[in-house]
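Student:
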Amino acid sequence: MIKSGIEDYLRHRQDVKRNKSPVSIYRFGEWTVEESSKIHVGDIVMIKSGDTVPCDMIYLTSSNPNKTTNYSETSLNGESAIKMMSQHPAFKDLDIPMAFFRKQYSVHAGPPDANLYKFDAKLVCENEKWVYQYRTYF
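Under the UniProt record's numbering, think of the first position of the sequence shown as 1, with each following residue one higher.
#1: Under a three-way DSSP split, which group does T74 fall into?
#2: For D56, which beta-bridge partners are listed by DSSP?
#3: Count the CB pairs spanning the segment 60-68 and the segment 85-98 that are closer than 8 angstroms, and state whether there are at least three.
#4: Per the DSSP calculation, H108 is bridged to which residue(s)?
#5: Whole angstroms is fine: what's the gap from E7's alpha carbon to A99's?
#6: What would DSSP say about P89, mapped onto helix, strand or coil?
#7: Go through its chain and collect everything with a Cβ distance to E35's Cβ below 8 angstroms, but skip five positions before and after it.
#8: Give a yes or no on whether the C-beta atoms belonging to T61 and Q87 are separated by under 8 angstroms.
#9: Hey, quick one: how far does the alpha helix (DSSP H) through V16 stretch, first residue to last?
#10: Please report the straight-line C-alpha distance between F119 and D43, rounded to a whole angstrom.
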């Protein structure tokens with residue numbers, strides 16, 4: 001019982017630290033640095049090499065020429081294998097982040113889910129819909 005209480009306390013401290021970590025969020029035409037706790041559904045967030053992904057997100061693009069990114073799930077499940085994620089075809093020719101200000105986009109995401117392998121969200125652009133059904137932690 002004491003061990004469980006200590007583990008809960010340590011997890012709480014780690015969550016507080018993670019929620020205060022700085023992230024770059026694109027707002028009002030410019031990148032601003034905010035605490036990760038200030039991220040809202042629909043925000044465009046820049047993740048740099050070595051950063052921890054602060055929440056469930058839809059992967060838009062990468063600075064790599066092939067638009068892929070490598071990631072690890074170490075902070076979630078301890079698995080250190082490097083995995084690759086590719087850009088969704090719907091974003092292939094978009095000038096991100098500017099494309100999101102030329103048209104009206106919205107993100108529809110479900111509530112938090114205990115199943116960490118599932119993240120369902122829809123990105124809606126005017127009358128077009130792209131459905132994401134991620135089965136990863138990303």
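Just so you know, even glycine gets a beta-carbon here, dropped at the ideal spot from N, CA and C.
Just so you know, these numbers come straight off a predicted model, no measurement behind them.
Tutor: Let me lay it out:
#1: helix
#2: In the DSSP output, where bridge partners are listed per residue, D56 has none listed.
#3: yes
#4: In the DSSP output, where bridge partners are listed per residue, H108 has K122.
#5: 44 angstroms
#6: helix
#7: Cβ within range, chain order: N19, K20, S21, P22 and V23.
#8: Yes. Within cutoff.
#9: Residues I2 to N19.
#10: C-alpha separation (whole angstroms): 16 angstroms.
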